[in-house]
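Structure record follows, encoded as structure tokens.
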Amino acid sequence: MSGHSKWAQIKHRKAATDARRGQLFTKLARAITVAAREGGGDPDANFTLAAAVQKARDYSMPKDNIQRAIDRGTGAAGGADAIERVVYEGYGPGGAAILVEALTDNRNRTSADIRHLFDKHGGSLGEPGSVAWVFEKRGVVLVDAARYAEDDLIAAIDAGADDVSVEGDSLKVVCAAEDLTAVRRALESAGVQIESAELTMEPSSVVQVDGGEASTLMRLMDALDDHDDVEAVHANFDVPAEVIELAAA
30 MSGHSKWAQI KHRKAATDAR RGQLFTKLAR AITVAAREGG GDPDANFTLA
80 AAVQKARDYS MPKDNIQRAI DRGTGAAGGA DAIERVVYEG YGPGGAAILV
130 EALTDNRNRT SADIRHLFDK HGGSLGEPGS VAWVFEKRGV VLVDAARYAE
180 DDLIAAIDAG ADDVSVEGDS LKVVCAAEDL TAVRRALESA GVQIESAELT
230 MEPSSVVQVD GGEASTLMRL MDALDDHDDV EAVHANFDVP AEVIELAAA
């Protein structure tokens, strides 16, 4: 089971707590604002914005908040110019490649914080391009493998999905980034309940990380994900199931 799917499940379980704290809504609003600024305010013509808006809806972000975030991005409201997208690349314990996407109004502060987190948890921050080649932007949908079989997801293939596979407790549907909305809608129309659907950076290779390094790696992933400026963390690890359960608890 790839690092993305394991990490996606952990984030999904943590999201309810993050939403109660308000931290998740802040991150979601930033992502919507920057997506609208970069690609326009029409979700039908901007698949990055469509994914960001749908993710906000999935976590019950109020409609007015979503619209305000779009308005900031399109210039209808102020504040969007202060936020920039920054990508950090590095390695975690066991040699896992890690890609961190951040949205920040202070690049120097965020860069120092991210470097500190890598150093603190046994990782190392790399140069631009050091690990980006391992990843490709894709749409990924997860559904409960205990509830559905691969044959139940034929609608996803008909809508443009490239692959459906079983990964641990989930069925994983992978598609081109621009097809994510269509694939999700097709599954929902077929009565399939979605666990998560997002644009992510899928790794082309996976690194096995065991023992104490696996636990340290998960602490690094948690610390990066909890940072206020971090939008998403991607990695190519495979770790033991018991480590995942501890991290998700």
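Quick note on this note's numbering: the sequence shown kicks off at 30 and runs consecutively.
C-beta: ideal position from N, C-alpha, C; glycine also.
A quick note: this is a predicted structure, and the numbers were derived from the prediction, not measured.
For residue i, the three-state DSSP class (helix, strand or coil)
{"i": "histidine 263", "result": "strand"}
{"i": "methionine 90", "result": "coil"}
{"i": "isoleucine 99", "result": "helix"}
{"i": "isoleucine 112", "result": "coil"}
{"i": "methionine 30", "result": "Since pLDDT at methionine 30 reaches only 39, below the 50 mark, its modelled position is unreliable, and no value is offered."}
{"i": "glycine 70", "result": "coil"}
{"i": "aspartate 208", "result": "helix"}
{"i": "glycine 123", "result": "helix"}
{"i": "aspartate 192", "result": "strand"}
Residue i and residue j closer than 8 Å at C-beta
{"i": "alanine 206", "j": "alanine 188", "result": "no"}
{"i": "phenylalanine 147", "j": "methionine 230", "result": "no"}
{"i": "valine 259", "j": "leucine 246", "result": "no"}
{"i": "valine 160", "j": "alanine 185", "result": "no"}
{"i": "valine 172", "j": "threonine 139", "result": "no"}
{"i": "valine 221", "j": "leucine 182", "result": "yes"}
{"i": "valine 195", "j": "glutamate 217", "result": "no"}
{"i": "alanine 190", "j": "cysteine 204", "result": "yes"}
{"i": "alanine 105", "j": "alanine 264", "result": "no"}
{"i": "arginine 248", "j": "histidine 150", "result": "yes"}
Contact belief for residue i with residue j at Cβ below 8 Å, rounded distance in angstroms
{"i": "tyrosine 120", "j": "alanine 131", "result": "With a Cβ gap of about 17 Å, tyrosine 120 and alanine 131 do not count as contacting."}
{"i": "glycine 102", "j": "alanine 64", "result": "7 Å"}
{"i": "lysine 166", "j": "leucine 228", "result": "6 Å"}
{"i": "aspartate 134", "j": "isoleucine 112", "result": "5 Å"}
{"i": "leucine 209", "j": "alanine 174", "result": "Wrong, their Cβ atoms sit about 20 Å apart, outside the cutoff."}
Residues of its chain near residue i, where Cβ-Cβ distance is below 7 Å and the 5 sequence neighbours each way are ignored
{"i": "glycine 155", "result": "Glu118, Gly119 and Tyr120"}
{"i": "glutamate 242", "result": "Pro122 and Gly123"}
{"i": "tryptophan 162", "result": "none"}
{"i": "serine 153", "result": "Gly119, Tyr120 and Phe147"}
{"i": "methionine 30", "result": "With a pLDDT of 39 at methionine 30, under the threshold of 50, the predicted position of this residue should be treated as unreliable, and no value is reported."}
{"i": "tyrosine 177", "result": "Leu200 and Val221"}
{"i": "alanine 211", "result": "Ala188 and Gly189"}
{"i": "proline 269", "result": "Asp239 and Ala243"}
{"i": "proline 286", "result": "It is not possible to answer for residue 286, since the shown part of the chain is limited to 30 through 278."}
{"i": "phenylalanine 76", "result": "Ala206, Glu207, Leu209 and Thr210"}
{"i": "glutamate 224", "result": "His41, Leu171, Val172, Asp173 and Ser199"}
Same chain only: Cβ atoms within 6 Å of residue i, ignoring 5 sequence neighbours per side
{"i": "alanine 226", "result": "Val170 and Arg213"}
{"i": "alanine 70", "result": "Before going on, a small fix: residue 70 reads as glycine here, not alanine. Within the same chain, glycine 70 has close Cβ partners Ile99 and Thr103."}
{"i": "aspartate 192", "result": "Val203"}
{"i": "methionine 90", "result": "Phe54 and Leu57"}
{"i": "serine 232", "result": "Looking at the sequence shown, residue 232 is not serine but proline. Correct list, in chain order: Val163, Phe164 and Asn265."}
{"i": "glutamine 52", "result": "none"}
Own chain partners of residue i with C-beta closer than 8 Å, once the 5 adjacent residues on each side are dropped
{"i": "valine 262", "result": "Trp36, Ile127, Leu128, Val129, Glu130, Met250, Leu253 and Asp254"}
{"i": "isoleucine 61", "result": "Leu78, Ala81, Val82, Ala85, Ile95, Ala98, Ile99 and Gly102"}
{"i": "arginine 136", "result": "Glu113 and Val115"}
{"i": "arginine 59", "result": "Ala98, Ile112, Leu132 and Glu260"}
{"i": "glycine 158", "result": "Glu118"}
Residue i: CB within 7 Å of a non-hydrogen atom of the ligand GDP
{"i": "serine 89", "result": "The ligand GDP is not part of this structure, which contains no ligands at all."}
Complete alpha helix (DSSP H) runs within the segment 131-182 (minimum length 4 residues, chain order)
136-149
So within the segment 215-268, which uninterrupted beta strand (DSSP E) runs reach at least 3 residues, ignoring any that extend past its ends?
225-232 and 259-264
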